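FYI, UniProt numbering numbers position 224 of the sequence shown as 224, with every residue one higher than the one before it. Report on one structure; see the data block that follows.
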Amino acid sequence: MKPAAFTYHAPETAAEAAGLLADLGDEAKAIAGGQSLVPMLALRLAVFDHLVDLRRVGGLRGVERRNGDVWIGAGTTQTEVQRSALVAEAVPLLSRATPLIGHFQIRNRGTIGGSIAHADAAAEYPAVALALDARLEALSPRGSRTIPATEFFTGLWSTALEPDELLTGISFPVRGARSGFAVEEFARRSGDFAIAGAAVAVELDADGRVLRCGIGLFGLGSTPRRASAAEAAATGGGADSLSAEEIGRDAIAELDSVPSDLHASADYRRHLGAVMVARAWQRAVKEASDA
């Protein structure tokens, strides 16, 4: 199939793009790399009268330090994220998750902002954003605002972005020296969406206790999820005494609904999810302990 007819717009500034989204309303959709949207348009799972292409918009690409965080422009491609020495050094969880996204052709065109704004529950970047307490920057004709990742994902393929808002960048806090990070996922083939996965960040204090941690879950619900109860239970505990398997079970136990489809039953997904959390937790704690 081919997409339904649409009017194409190519703004050159973020303000112009946000203005188009405001003027055109629900009939318009922003498109960056198009790796998620174009297949949906081709299958007519989504239809829009207007597409606002963001590729020419200045200021939406780049990786830099800002106020102690690492800021990444929403239009930065996943390949650029993967190759960034700054990301590898300061936000290693994001760097390690990137090779798991599709194939290199997809990463060459797909953008970090497009992945997060698309809010696919089985995608890696949204779960990483949750685990790292990322902050999402949005621009509209009314001004700019910052949305915590924990408030950003609201439902199936839906976010807290208003119809006239454009995601312009993502800020990732840099963790302390005694930190460890890991991402684990189960997929039938390399490059497929994960059936279940977990992104884990752990920071230890001088006594080896968990100072703070983040556990992002993907493939286990209609939205990416954060295992807040499991995090709270682990925080303050000694890294050597905490059971990774118990943390995995706790993380999955707080999920109110797990999907069942032709790829996996809900029970199988729960089992896989607990295993992925446990494996990621073990790797992250080891890295933090060895730092």
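Where is the CB? At the ideal position from N, CA and C, for every residue including glycine. None of the values given here were measured: they were computed from a predicted structure.
Excluding sequence positions up to five away, which residues of its chain have a Cβ less than 7 Å from the Cβ of arginine 279? Here the question's residue 279 lines up with position 279 in the sequence shown. Taking arginine 279 as the centre and dropping the five residues before and after it, the same chain places the C-beta of Glu184 closer than 7 Å to its C-beta, in chain order.
Outcome for alanine 90 when other beta-carbon atoms lying within 10 angstroms are tallied against a minimum of 16: Working through the sequence shown from its first residue, we reach residue 90 at position 90. Buried, because 16 or more other Cβ atoms sit within 10 Å of the Cβ of alanine 90.
Less than 8 Å separating the beta-carbons of alanine 32 and glycine 114? Here residue 32 is taken as the residue at index 32 of the sequence shown, counted from 1. Here residue 114 is taken as the residue at index 114 of the sequence shown, counted from 1. Yes; because the gap between Cβ atoms is below 8 Å, this pair is in contact.
Between the CA atoms of isoleucine 215 and proline 259 - distance to the nearest angstrom: Position 259 of the sequence shown, counted from the start, is the residue given in the question as residue 259. Position 215 of the sequence shown, counted from the start, is the residue given in the question as residue 215. Computed Cα separation, rounded: 19 Å.
Per DSSP, which one or two residues make a beta bridge with glutamate 80? Residue 80 sits at position 80 when you count from the first residue of the sequence shown. Answer is none; glutamate 80 lacks a bridge partner.
Curious, which full-length beta strand (DSSP E) runs of at least 3 residues does the region 108-181 contain? The region 108-181 is shown to contain whole beta strand (DSSP E) runs of 3 or more residues at 135-140, 143-148, 153-155 and 166-173, in chain order.
List the endpoints of the continuous alpha helix (DSSP H) containing aspartate 267. For the purposes of this step, residue 267 is taken as residue 267 along the sequence shown, with counting starting at 1. In the DSSP assignment, aspartate 267 falls within the alpha helix (DSSP H) that extends over 266-290.
Does the distance from the C-beta atom of phenylalanine 69 to that of phenylalanine 152 stay below 8 Å? Taking the sequence shown and counting its residues from 1, the one referred to as residue 69 is at position 69. Taking the sequence shown and counting its residues from 1, the one referred to as residue 152 is at position 152. First, the amino acid is wrong: residue 69 is aspartate here, not phenylalanine. For the 8 Å CB-CB criterion, aspartate 69 and phenylalanine 152 do not form a contact.
Could you tell me which of Ala127, Gly75, Ala88 and Glu137 sits nearest to arginine 107, measuring between CA atoms? Mapped onto the sequence shown, residue 107 falls at position 107. Taking arginine 107 as reference, the option from Ala127, Gly75, Ala88 and Glu137 with the minimal CA-CA separation is Gly75.
Contact set for alanine 187: own chain, Cβ-Cβ below 7 Å, skip 5 residues either direction: Here residue 187 corresponds to residue number 187 of the sequence shown, with the count starting at 1. Cβ neighbours of alanine 187 beyond the five flanking positions: Phe193, Ala194 and Ile195.
Per DSSP, which one or two residues make a beta bridge with arginine 65? Position 65 of the sequence shown, counted from the first residue, corresponds to residue 65. Its beta-bridge partners are Val70.
Using DSSP with H/G/I as helix, E/B as strand and the rest coil, what is aspartate 240? Counted from its first residue, the sequence shown places residue 240 at position 240. DSSP places aspartate 240 in coil when its eight states are reduced to three.
Using only the alpha-carbon positions, how far apart do residue 292 and threonine 150 sit? A question about residue 292 goes unanswered here, because the residues of the chain that appear run from 1 up to 291.
Identify the residues that DSSP records as bridge partners of glycine 197: which are they? The residue given as residue 197 occupies position 197 in the sequence shown. Glycine 197 is bridged to Glu185 and Phe218.
Determine contact between the region 245-260 and the region 221-229, defined as no fewer than three beta-carbon pairs at a distance below 8 Å. Segments in contact, yes.
Can you tell me whether arginine 55 is helix, strand or coil according to DSSP? Indexing the sequence shown from 1 puts residue 55 at position 55. Collapsing the DSSP output to three states places arginine 55 in coil.
When the Cα of alanine 232 is compared with those of Leu211, Asp240 and Leu220, which residue comes out closest? Position 232 of the sequence shown, counting from 1, holds the residue named residue 232. Of the candidates Leu211, Asp240 and Leu220, the residue whose Cα lies closest to the Cα of alanine 232 is Leu211.
Find the nearest neighbour of alanine 284 within the set Ala199, Val275, Gly219 and Asp261, judged by alpha-carbon distance. Counted from its first residue, the sequence shown places residue 284 at position 284. Nearest option by C-alpha distance: Ala199.
With a cut-off of 8 Å, does the C-beta of arginine 107 fall near any C-beta of chain B? Of the protein chains in this structure there is only one, and it is not chain B.
DSSP-derived helix/strand/coil call for glutamate 27: Against the sequence shown, residue 27 aligns to sequence position 27. Reduced to three states, the DSSP call for glutamate 27 is helix.
Closest to alanine 131 by CA distance: which of Ala117, Arg109, Pro99 and Val174 is it? Against the sequence shown, residue 131 aligns to sequence position 131. When only C-alpha atoms are compared, the closest one is Val174.
Checking the sheet assignment: what are the DSSP bridge partners for residue 340? Since the displayed the chain opens at 1 and closes at 291, residue 340 lies outside it and no answer follows.
Considering alanine 42, what are the terminal residues of the alpha helix (DSSP H) in which it resides? Stepping through the sequence shown from its first residue, residue 42 is reached at position 42. Where alanine 42 is concerned, the enclosing alpha helix (DSSP H) stretches over 37-42.
Starting from glutamate 254, follow the alpha helix (DSSP H) in both directions and report where the run begins and ends. In the sequence shown, the residue the question calls residue 254 occupies position 254. Taken as a continuous stretch (DSSP letters only), glutamate 254 belongs to no alpha helix (DSSP H), as it is neither H nor E.
Shortest alpha-carbon distance to valine 38 belongs to which of Arg56, Ala22, Ala4 and Arg66? As a first step, residue 38 is located in the sequence shown; it is residue number 38 there, counting from the start. With respect to the C-alpha of valine 38, the residue from Arg56, Ala22, Ala4 and Arg66 having the closest C-alpha is Ala4.
By a C-beta neighbour count over all protein chains shown, 10 Å radius and 16 as the cutoff for buried, is lysine 29 buried or exposed? Start at 1 with the first residue of the sequence shown, and residue 29 comes out as number 29. By the beta-carbon neighbour count (other beta carbons within 10 angstroms, threshold 16), lysine 29 is buried.
Identified DSSP bridge partners for arginine 226: Here residue 226 refers to the residue found at position 226 of the sequence shown. Under DSSP, the beta-bridge partners assigned to arginine 226 are Gly216.
Work out the CA separation of glycine 19 and glutamate 162 for me, nearest whole Å. The residue given as residue 162 occupies position 162 in the sequence shown. The residue given as residue 19 occupies position 19 in the sequence shown. If I take the Cα positions, the gap works out to 13 Å.
Cα separation between aspartate 49 and leucine 43? Taking the first residue of the sequence shown as 1, we reach residue 49 at position 49. Taking the first residue of the sequence shown as 1, we reach residue 43 at position 43. Cα to Cα, the separation comes out at about 15 Å.
Pick out whichever of Trp71, Ala14 and Gly191 has its Cα sitting closest to the Cα of glycine 58. Here residue 58 corresponds to residue number 58 of the sequence shown, with the count starting at 1. Among Trp71, Ala14 and Gly191, the Cα nearest to that of glycine 58 belongs to Ala14.
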